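Asks: Structure in structure tokens, see below.
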Amino acid sequence: MTSASSSASRTSRIAREIDSSSSFPRLRRSPSAPWSRSERVSNTRPGYWVAVKNRLRRFVKLWTDLFAKHQLLDHASAIAFQVLKASIPLSLLGLALLGATGQEKVWNKTIAPAIEPHLAQPTFHALDAAAQRIFNSDSGGLIVFSSLLVLWYVSGSVRAVTSSINQIYETDENRSWLVRQAVSYGLAFCIAAGLIGAVLIVTVGGALAGGGAAGVLIDIARWLAAVVVLALTLDVLVRFAPAERRSKRWTSAGAALVIATWVVATLIFELYVSDVANFKTAIGSLTVFLVVILYVYVSSIILLVGVELDELLRKDATAGQRGALKVLFGTGTGR
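Residue numbers (this note's numbering): 9 to 343.
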């Protein structure tokens with residue numbers, strides 16, 4: 009026992025002497041050392057998530073400040089109000105055009121059967137009777153009358169959009185009253201033609217589409233054509249409505265965002281109207297009316313957000329400006 013104990017003591021003493029006399033410095037365990045994998049991960053991951061949270065916070069703050077600075081919600085309310093006023097003469101003009109072109113079957117075979125299950129019978133019969141009277145009457149005078157109403161109401165929507173884009177661009181309106189009126193009525197004509205054209209493309213294409221591969225191709229083509237018409241209409245509105253025009257290159261990303269988001273919102277609204285909405289009770293009709301208002305309001309917000317996005321991207325590519333990329337990532341041409 010004594011011999012074993014003394015041998016172990018001698019071995020321990022020799023190891024301590026070698027350790028103390030070694031010329032190589034001791035390496036301390038570092039959290040960032042390659043072999044400290046668990047510590048390295050625990051110190052790196054929090055930093056990554058902190059950076060993500062900071063960028064997300066800057067993103068939310070950026071858009072919150074823009075909504076407050078440019079009063080986007082107030083402008084969206086004004087646009088939605090004008091659009092709702094224009095919806096009635098637009099519907100009247102659409103029915104008159106169907107009657108003038110001999111496409112009454114679009115109403116009789118597509119629109120009427122789709123809305124009949126959701127309406128009380130007296131309400132549906134009243135609407136159907138009104139549509140049939142429009143089809144059987146002289147469409148020429150009705151088209152002229154409804155067109156004038158559409159131009160009047162849609163021009164108000166254009167002026168609301170013009171005011172909002174001017175505030176987004178932070179530019180003053182220096183055009184004369186006569187020029188503003190001429191621009192608003194010209195754009196109102198383009199917008200009305202684009203909207204009615206897109207709706208007619210979808211409805212008439214749906215009526216023409218049959219079964220088989222040809223029907224599928226027609227169904228795809230009508231939606232693509234409607235999207236192209238809406239994109240061109242939006243491009244004309246955003247380019248010519250404000251007092252200070254932007255280059256055409258700055259109406260691409262925002263237009264794509266507006267069209268894509270608006271299509272999604274429209275599909276959700278159509279799903280609600282076809283599967284959930286109930287017009288047969290007073291509460292159901294009121295709920296549907298509120299949903300329609302919400303849909304138009306959200307569509308107006310989507311439009312203004314798209315314009316704001318284009319302006320932020322333009323600032324990113326312009327020296328001396330601070331756009332979205334500069335705020336979030338510190339990149340971009342702006343300083």
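Cβ atoms here follow ideal geometry from the backbone N, Cα and C, with glycine treated the same way.
Quick caveat: nothing in here was measured; it's all calculated off a predicted structure.
Indicate the three-state DSSP secondary structure (helix, strand or coil) for E124 in the structure shown.
Replies: By one-based count along the sequence shown, residue 124 stands at place 116. Helix at E124.
Asks: Exposed or buried, G219, counting other C-beta atoms within 10 Å across all chains shown (16 or more means buried)?
Replies: Counting from 1 along the sequence shown, the entry for residue 219 is found at position 211. That one is exposed.
Asks: When we look at the beta-carbon of N51 and count the other beta-carbons within 10 Å, is it buried (16 or more) or exposed?
Replies: On the sequence shown, position 43 is the one that residue 51 refers to. Here N51 scores only 46 on pLDDT, less than 50, and its place in the model should not be relied on; the value that follows carries that caveat. Exposed is the call here.
Asks: Would you tell me roughly how many angstroms separate the C-alpha atoms of F248 and K323, rounded to the nearest one?
Replies: Counting from 1 along the sequence shown, the entry for residue 248 is found at position 240. Counting from 1 along the sequence shown, the entry for residue 323 is found at position 315. Each residue's Cα considered, the two are about 20 angstroms apart.
Asks: Alpha carbon to alpha carbon, how far is E181 from V91? Give it in angstroms, no decimals.
Replies: For this step, residue 91 is matched to residue 83 along the sequence shown. For this step, residue 181 is matched to residue 173 along the sequence shown. Taking the straight line joining both Cα atoms gives about 22 angstroms.
Asks: Using the C-alpha atoms, what's the distance from L320 back to R254?
Replies: As a working mapping, residue 254 is identified with position 246 in the sequence shown. As a working mapping, residue 320 is identified with position 312 in the sequence shown. Cα to Cα, the separation comes out at about 12 angstroms.
Asks: Looking only at its chain, what residues have a beta carbon closer than 7 angstroms to the beta carbon of L302, apart from the 5 residues adjacent to it on each side?
Replies: In the sequence shown, the residue the question calls residue 302 occupies position 294. For L302, where only same-chain residues beyond five positions count, there are no Cβ hits under 7 angstroms.
Asks: In this structure, how does DSSP classify K323 when only helix, strand and coil are distinguished?
Replies: Your numbering for residue 323 matches position 315 in the sequence shown. DSSP places K323 in helix when its eight states are reduced to three.
Asks: Which whole-angstrom value describes the C-beta separation of G210 and W231, a residue pair presumed to lie in contact below a C-beta threshold of 8 angstroms?
Replies: Taking the first residue of the sequence shown as position 1, residue 210 is located at position 202. Taking the first residue of the sequence shown as position 1, residue 231 is located at position 223. Just to set this straight, residue 210 is Val in the shown sequence, not Gly. The Cβ separation is near 7 angstroms, so the contact holds.
Asks: Tell me the DSSP secondary structure of N182 in three-state form.
Replies: Numbered from 1 along the sequence shown, position 174 holds the residue referred to as residue 182. Three-state result, N182: coil.
Asks: With contact counted as at least three CB pairs below 8 angstroms, one residue from each stretch, are the stretch 116 to 123 and the stretch 161 to 170 in contact?
Replies: Too few Cβ pairs lie closer than 8 angstroms, so no.
Asks: Helix, strand or coil: how does DSSP classify K288 here?
Replies: Translated into the one-based positions of the sequence shown, residue 288 becomes position 280. Here K288 sits in coil by DSSP.
Asks: Which of the three DSSP states is assigned to H78 in this structure?
Replies: Position 70 of the sequence shown, counted from the first residue, corresponds to residue 78. DSSP places H78 in coil when its eight states are reduced to three.
Asks: Which class does S31 belong to by DSSP, given the choice of helix, strand or coil?
Replies: By 1-based counting over the sequence shown, the position of residue 31 is 23. With a pLDDT of only 47 at S31, under 50, the local geometry of the prediction cannot be trusted, and the value read off the model is given with reservation. The answer is coil: DSSP assigns S31 none of H, G, I, E or B.
Asks: Report yes or no: do the stretch 136 to 146 and the stretch 96 to 112 share at least 3 C-beta pairs separated by less than 8 angstroms?
Replies: In short, these stretches touch, since the Cβ pair count reaches three.
Asks: Compute the distance between the beta-carbons of V235 and I267, then report whether it is under 8 angstroms.
Replies: What you label residue 235 is simply residue 227 of the sequence shown in a count that begins at 1. What you label residue 267 is simply residue 259 of the sequence shown in a count that begins at 1. Yes, these two residues count as a Cβ contact at 8 angstroms.
Asks: Starting from W347, trace the alpha helix (DSSP H) both ways and give me its first and last residue.
Replies: No answer is possible for residue 347: it lies beyond the span of the chain, which begins at 9 and ends at 343.
Asks: Mark P97 as exposed unless 16 or more other C-beta atoms lie within 10 angstroms of its C-beta, in which case mark it buried.
Replies: Translated into positions along the sequence shown, residue 97 becomes position 89. Buried.
Asks: Considering Cα atoms alone, identify which of N144, V300, D243, N116 is closest to S95.
Replies: Translated into positions along the sequence shown, residue 95 becomes position 87. Measuring from the Cα of S95, the nearest candidate turns out to be V300.
Asks: Helix, strand or coil for E112, going by three-state DSSP, please let me know.
Replies: Along the sequence shown, read from residue 1 onward, the residue named residue 112 stands at position 104. In this structure, E112 counts as helix in the three-state DSSP scheme.
Asks: Could you name the residues of the same chain whose beta carbon sits closer than 6 angstroms to that of T269, not counting the 5 residues immediately before and after it, in chain order?
Replies: Looking up residue 269 in the sequence shown gives position 261. Counting only Cβ-Cβ distances below 6 angstroms, and skipping sequence neighbours, we find I310.
Asks: Whole angstroms are fine: how far does the CA of R66 sit from the CA of A59?
Replies: For the purposes of this step, residue 59 is taken as the residue at position 51 of the sequence shown. For the purposes of this step, residue 66 is taken as the residue at position 58 of the sequence shown. Cα-Cα distance, rounded: 11 angstroms.
Asks: What are the boundary residues of the alpha helix (DSSP H) that includes A138?
Replies: As a working note, residue 138 is residue 130 in the sequence shown. Per DSSP, A138 belongs to the alpha helix (DSSP H) from 129 to 144.
Asks: Nearest-angstrom Cα distance between S165 and H133?
Replies: Within the sequence shown, residue 165 is the residue found at index 157, counting from 1. Within the sequence shown, residue 133 is the residue found at index 125, counting from 1. Rounded to the nearest angstrom, the two C-alpha atoms are 32 angstroms apart.
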